[in-house]
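Student: Following the numbering used here, the numbering of the sequence shown begins with 695 at its first residue and continues without gaps.
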Amino acid sequence: MEVIKVIPSGYCKGVINAINKVKKAIKDYPDKQIYILGMLVHNKYVVGGFELFNVITLADKNKTKEQLLDEIDDGVVVFTAHGIDPKIKQKALDKGLIVVDATCCDVTKNANLCIQHLNEGYDVAYIGKKNHPESEAVLALDERIHLITNIQDVQNSNILNDKILITNQTTMSINDIEQIIKALLVKYPLAKVVEEICSATRTRQQAVKELEGFDTLIVVGDPNSNNTTQLANIGKQAKIKNIYKIENSLELTSINLDNISKVAVTSGASTPGYLTQQVIDYLKTRDEKYLNVDLEKILDL
Ligand code: SF4
């Protein structure tokens, strides 16, 4: 079987920065309990890797970030790469917690763009995913930021301002966003557009788009990772016949590999390189030693 590793794929600069910040906090505060508010990146094995260092991830879909913060009385709190509502960051500081902010610089840039335009009297049509931590953090900035998740939301929206900025969550699909922006411009022809898909997301999606005509694509990543899901969607739109989304090499055993002669392997920006390498090594060798997940290797960069 010919195995092609799609380039670029895997960890982006924002994820590497976030992991390094937590590793540094472990070294800097050996006597403090370290908490991560939400999943540092959307991959449960990264959470498991940090648990080996006694780092606690506070993540509960039924609780707000503020409610999770209320559970911390002492120690270090890490805010994830997806960004954080400034009011919650201030609350953590007011509680006397040591704050480590791992917000990605591309997320900060997008939040600043929104703030700048709000200050200039704009409303913001923000294209993003509902309940995603990045969109939640941006929406918390001001009620004049309106979440648009799909074309239907465009039809239902009613932004009563002559000045409208259209922008977006950094990990959206390069294909889908075009359609939503077009629809917004039909409804709000004078709106200003600043498309903000980050370069890591764009180049990973573009690399999958260029696989058009391929028979088989394996996407390695967590089912809750937006950028991983988008890679599979882009693959479908590029008419790749068979697309398998898997979390780790063990899941390869439920795929019939015998009829596959050529396969491309990609992974989301939140997928540890170690997990992707296990998949590639198993596909190349069928050696069962690659059918495992060693948490001690998960945080290797
Ligand atoms: S996907 Fe983009 S915005 Fe998100 S952490 Fe990575 S580089 Fe930053």
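Every residue, glycine too, gets a C-beta built ideally from N, C-alpha and C. Remember, predicted model here, so these are calculated numbers, not experimental data.
Can you tell me whether K759 is buried or exposed? The criterion is at least 16 other CB atoms within 10 Å of its CB, across all chains shown.
Tutor: One-based indexing of the sequence shown puts residue 759 at position 65. When all chains shown are included, K759 counts as buried.
Student: Judging by CA-CA distance, which residue of N869, F773, Y882 and T797 is the nearest neighbour of A819?
Tutor: Along the sequence shown, one-based indexing puts residue 819 at 125. When only C-alpha atoms are compared, the closest one is Y882.
Student: Nearest by alpha-carbon distance to N737: which of K930, Y976 and D916 is it?
Tutor: As a working mapping, residue 737 is identified with position 43 in the sequence shown. Looking at the Cα atoms, D916 is the closest of the given residues.
Student: Name the DSSP bridge partner or partners of A819?
Tutor: By 1-based counting over the sequence shown, the position of residue 819 is 125. Paired residue(s): H840 and I860.
Student: In whole angstroms, what is the alpha-carbon distance linking I992 and N806?
Tutor: One-based indexing of the sequence shown puts residue 992 at position 298. One-based indexing of the sequence shown puts residue 806 at position 112. Approximately 33 Å between the Cα atoms of the pair.
Student: Under 8 Å by Cβ, that's how I've got T947 and V959 pegged, so tell me the actual separation to the nearest angstrom.
Tutor: As a first step, residue 947 is located in the sequence shown; it is residue number 253 there, counting from the start. As a first step, residue 959 is located in the sequence shown; it is residue number 265 there, counting from the start. Actually they are not in contact, since the Cβ atoms of T947 and V959 sit about 16 Å apart, beyond 8 Å.
Student: Counting C-beta neighbours from all protein chains within 10 Å, is the total for C808 16 or more, i.e. buried, or is it exposed?
Tutor: Here residue 808 is taken as the residue at index 114 of the sequence shown, counted from 1. The residue is buried, with at least 16 neighbouring Cβ atoms inside 10 Å.
Student: To the nearest angstrom, how far is it from the Cα of D725 to the Cα of V716?
Tutor: Counted from its first residue, the sequence shown places residue 725 at position 31. Counted from its first residue, the sequence shown places residue 716 at position 22. Taking the straight line joining both Cα atoms gives about 14 Å.
Student: Measure the alpha-carbon distance for I684 versus I940 and round it to whole angstroms.
Tutor: Given a span of 695 to 995 for the chain in the structure shown, any question on residue 684 remains unanswerable.
Student: Considering only heavy atoms of the ligand SF4, does any lie closer than 6 Å to the CB of D800?
Tutor: Position 106 of the sequence shown, counted from the start, is the residue given in the question as residue 800. D800 Cβ: within cutoff of the ligand SF4.
Student: Taking 8 Å as the threshold, find out whether the region 703 to 710 comes into contact with the region 794 to 806 through three or more Cβ pairs.
Tutor: As far as the Cβ criterion goes, the region 703 to 710 touches the region 794 to 806, which means the pair count is three or higher.
Student: Relative to the C-alpha of T865, which candidate in S851, Q849, V848 and T922 has its C-alpha closest?
Tutor: Position 171 of the sequence shown, counting from 1, holds the residue named residue 865. It is T922.
Student: Do the CB positions of M695 and I937 come within less than 7 Å of each other?
Tutor: Position 1 of the sequence shown, counting from 1, holds the residue named residue 695. Position 243 of the sequence shown, counting from 1, holds the residue named residue 937. No, the pair does not count as a contact, with Cβ atoms beyond the cut-off.
Student: Please report the residue range of the beta strand (DSSP E) in which F773 lies.
Tutor: Numbered from 1 along the sequence shown, position 79 holds the residue referred to as residue 773. Here the beta strand (DSSP E) through F773 covers V770 to F773.
Student: Nearest to D800 by CA position, among L791, T774, K783 and K781, is which residue?
Tutor: Taking the sequence shown and counting its residues from 1, one reaches residue 800 at position 106. Measuring from the Cα of D800, the nearest candidate turns out to be T774.
Student: Let me confirm a value: P694 is counted as buried when at least 16 other C-beta atoms fall within 10 Å, else exposed. Which label applies?
Tutor: No information on residue 694 is available, as it lies outside the stretch 695 to 995 that the chain covers here.
Student: Which partner residues does E945 have in the DSSP bridge list?
Tutor: Here residue 945 refers to the residue found at position 251 of the sequence shown. Answer by DSSP bridge pairing: none, since E945 is not bridged.
Student: Which residues in the same chain have their Cβ closer than 8 Å to the Cβ of N855, if we skip the five residues on either side of it in sequence?
Tutor: In the sequence shown, the residue the question calls residue 855 occupies position 161. Closer than 8 Å at the Cβ level, and outside the excluded window around N855, lie G815, Y816, D817 and R838.
Student: Output the boundary residues of the beta strand (DSSP E) element that contains V913.
Tutor: For the purposes of this step, residue 913 is identified with residue 219 of the sequence shown, where counting begins at 1. Residues T910 to V914.
Student: Is T758 helix, strand or coil when you go by DSSP?
Tutor: The count along the sequence shown starts at 1 and reaches residue 758 at position 64. Note: T758 maps to coil in three-state DSSP.
Student: Nearest-angstrom Cα distance between D764 and K721?
Tutor: The residue you call residue 764 lines up with position 70 of the sequence shown. The residue you call residue 721 lines up with position 27 of the sequence shown. The straight-line gap from Cα to Cα measures roughly 25 Å.
Student: Looking at the strands, I want to know which residues DSSP matches up with K699.
Tutor: As a first step, residue 699 must be located in the sequence shown, where it is residue number 5. Answer by DSSP bridge pairing, in chain order: V959.
Student: Locate the beta strand (DSSP E) running through L731, then write down its first and last residues.
Tutor: Start at 1 with the first residue of the sequence shown, and residue 731 comes out as number 37. From DSSP, the beta strand (DSSP E) with L731 extends over I728 to L731.
Student: Going by the beta-carbon positions, is the gap between V697 and L977 smaller than 7 Å?
Tutor: The residue given as residue 697 occupies position 3 in the sequence shown. The residue given as residue 977 occupies position 283 in the sequence shown. Yes.
Student: Compute the Euclidean distance between the alpha carbons of V700 and A901, then round it to the nearest angstrom.
Tutor: Numbered from its first residue, the sequence shown carries residue 700 at position 6. Numbered from its first residue, the sequence shown carries residue 901 at position 207. Cα to Cα, the separation comes out at about 7 Å.
Student: Please return the same chain residues whose Cβ sits closer than 7 Å to the Cβ of V848, not counting the five positions on each side in sequence.
Tutor: On the sequence shown, residue 848 is found 154 positions in, with the first residue counted as 1. Correct list, in chain order: I842, I874, A877, L878 and K881.
Student: List in chain order: all unbroken alpha helix (DSSP H) runs of 4+ residues lying wholly within the region 863 to 912.
Tutor: Counting whole runs of 4 or more residues, the region 863 to 912 contains the alpha helix (DSSP H) stretches 868 to 881 and 893 to 903.
Student: Which one of Q863, N813, S703 and I713 has the shortest CA to CA distance from L735?
Tutor: As a first step, residue 735 must be located in the sequence shown, where it is residue number 41. Correcting the residue type first, residue 735 is Val in the shown sequence and not Leu. Selected option, being the one with the closest Cα: I713.
Student: Excluding the 5 residues preceding and the 5 following E906 in the sequence, name in chain order all residues of the same chain whose CB lies nearer than 8 Å to its CB.
Tutor: By 1-based counting over the sequence shown, the position of residue 906 is 212. Result list for E906: A932, K933 and I934, in chain order.
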